[in-house]
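Read through the structure below, which is laid out as structure tokens, and then see the notes.
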Amino acid sequence: MKRVLVMMAVLLFALFFLIGLIGCAHKVGVNPVDFEKRYEEMSRSALNSASPSERTMLFLRQRDLIDAWEHDPIPMLTELDRKLHESPDRETLFALMELCYLEAGRAPKLSDLAVKLYRSCTLYAYNYLFDGKLGPPPSSYHPHSRLACEFYNRSLAAQIIYHRDRNVGYKNLRLPLLR
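Just so you know, this note's numbering puts the end of the sequence shown at 180, numbered straight through with nothing missing.
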């Protein structure tokens, strides 16, 4: 009798154990994604959409800044700029460069705020590409370097148009910027 009870207890335990394993099983798999769609997502940036690149979004997610950027971007950019001066790195420069460009595009066309953001973008792009204190410069063949060049060129062009249209000289030009 005792033996039967022990066997039933073992079988009952094994049954609950198996049910627990089946209930905890998690399906892991891969969902196929169209190559063109994935390429589009990976090459998205503030230059070709109303959203930042995956690289910048990852930067914002890692630092829990998505909410701040979506609701009050200028103070968030100012704080990020302050942190950049405490601890400079290319990742922060890239994010600031792209977000400044994006916010300049959202500001009223060629307003003082837009030009201030374009100036900031220009400076961040230049430092991203050429600041020797950040280590060896990025490869000119890397897609992020090409994006930095494009951000630099477009931001500089926006500033030139602003100065031309307003007939403003360059003598009293103050760097930038968000500070």
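We treat Cβ as the ideally placed atom computed from N, Cα and C, and that holds for glycine. Treat the numbers as computed from the prediction; the structure is a model and nothing was measured.
By DSSP, does residue i sit in helix, in strand, or in coil?
i           : result
residue 154 : helix
residue 134 : helix
residue 195 : This structure gives no information on residue 195, because the portion of the chain shown stretches from 2 to 180.
residue 114 : helix
residue 15  : helix
residue 128 : helix
residue 121 : helix
residue 48  : coil
residue 31  : coil
residue 5   : helix
By the 10 Å Cβ neighbour count, where 16 or more other Cβ atoms means buried, how is residue i classified, buried or exposed?
i           : result
residue 13  : exposed
residue 156 : buried
residue 6   : exposed
residue 223 : This structure does not reach residue 223, given that the chain is present from 2 up to 180, and the question cannot be answered.
residue 117 : buried
residue 77  : buried
residue 120 : buried
residue 41  : exposed
residue 131 : exposed
residue 82  : buried
residue 105 : buried
Considering just the uninterrupted stretch of the alpha helix (DSSP H) at residue i, what are its terminal residues?
i           : result
residue 40  : 36-43
residue 100 : 91-107
Among the options, which has the Cα closest to the Cα of residue i?
i           : options            : result
residue 128 : 112, 37, 98        : 98
residue 71  : 84, 87, 53         : 53
residue 1   : 136, 163, 169, 102 : The structure shown does not extend to residue 1, since the chain is modelled only from 2 to 180, so the question has no answer here.
residue 126 : 6, 134, 113, 91    : 91
residue 96  : 146, 9, 165        : 146
residue 159 : 148, 115, 135, 124 : 115
residue 48  : 100, 87, 30, 11    : 100
Heavy atom of the ligand MG less than 7 Å from the Cβ of residue i, yes or no?
i           : result
residue 103 : The ligand MG is not part of the structure shown, which contains no ligands of any sort.
Do we get a CB-CB distance below 8 Å when we pair residue i with the residues of chain D?
i          : result
residue 52 : Protein chains in the displayed structure number just one, and chain D is not present.
| Continuous alpha helix (DSSP H) assignments of at least 4 residues falling wholly in the segment 54-88 | 55-63, 67-72, 74-87
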